[in-house]
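Presented below is the structure to which this report refers.
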Amino acid sequence: MPRVSREHLDARRQQIVDAARTCFAEQGFAGTSMTDIITESGLSNGAIYRYFTSKDQIVIAVCEQASSAFPSALTPEAVTTFLEHVRTLARETGHAKLTAQIMAEAALSPALSTIVQDQLTALRNAVINLLPQDDIQDPDQIAEAFVAICSGYNQQLAIRGDLDPTPFTNALLAILDRRRPEQHC
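Be aware that the sequence shown starts at 421, since it is given in our numbering, and climbs by one per residue.
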């Protein structure tokens, strides 16, 4: 029997995760069955169960693949581009709905909660690392607020549909402008 390459195995696993992401975004976690994922993936039952023994394992695999679109700078242009990217993902792939479901499920699942908490910590750390280190009053608070507004925008997209990011961009930039200690005369 011929051996299957690691690349082939990884591609099949990703095919299942992508199919699940599509189903979850359209139908929710509870509304998606393994049959739905099998149908969307175009693979057989055996192929799916070779990689995942349950839908819960697939949910965790989907959640572990966080988006890596975070800006590389905290400039007005980079923040605007980032929120426009979030908006595009919501429109084209249902990403905001999927993320809303992940957050809700993480409130109930300790395994998912750990993954989401780690991802939120990584986002806060990314913000802190992008802040200029010499003039920061409270980088942890800035990072916390930045991530909360980004998460809030994503949640709003899930509920309200296509939504102009301008007010959220302005709020993020206002937070970043307050990073310097106030100058007293």
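The beta carbon of each residue, even a glycine, is placed where N, CA and C say it ideally should be.
- When rounded, the separation of the alpha-carbon atoms in A531 and L494 is 32 Å.
- DSSP places P530 inside the alpha helix (DSSP H), whose first and last residues are P530 to L550.
- R433 is the residue among A445, R433, S453 and I478 whose C-alpha sits nearest the C-alpha of A467.
- For I480, the enclosing alpha helix (DSSP H) starts and ends at K475 to E484.
- The shortest CA-to-CA distance from N549 to any of N465, F490, E512 and S425 is the one to F490.
- The straight-line gap separating the alpha-carbon atoms of Q561 and P552 is approximately 15 Å.
- A526 has its alpha-carbon roughly 7 Å from the corresponding atom of V536.
- Only residues of its own chain outside the window of five on either side were considered, and among them L503, I569 and Y573 have a CB closer than 7 Å to the CB of F588, listed in chain order.
- Secondary structure note for L429: its alpha helix (DSSP H) is the uninterrupted segment R426 to G451.
- When the Cα atoms are used, S533 and Q539 turn out to be separated by approximately 10 Å.
- The Cβ atoms of T442 and E427 do not sit closer than 8 Å to each other.
- Rounded to whole angstroms, the Cβ separation of A516 and A578 is 4 Å, and the two are in contact under 8 Å.
- Around the beta carbon of T519, 16 or more other beta carbons sit within 10 angstroms, so the residue counts as buried.
- Taking every protein chain shown into account, the CB of A524 has fewer than 16 other CB atoms within 10 angstroms, so this residue is exposed.
- Just measuring C-alpha positions, the residue of G462, P496, V437 and N465 sitting nearest Q485 is V437.
- For I457, the three-state secondary structure derived from DSSP is helix.
- A residue is called buried once 16 or more other Cβ atoms fall within 10 Å of its Cβ, and T452 is buried on that count.
- In its chain, beyond the 5 residues on either side, V479, Q521 and E525 have a beta carbon closer than 7 Å to the beta carbon of F449.
- A direct Cα-Cα distance of roughly 27 Å separates I595 from R511.
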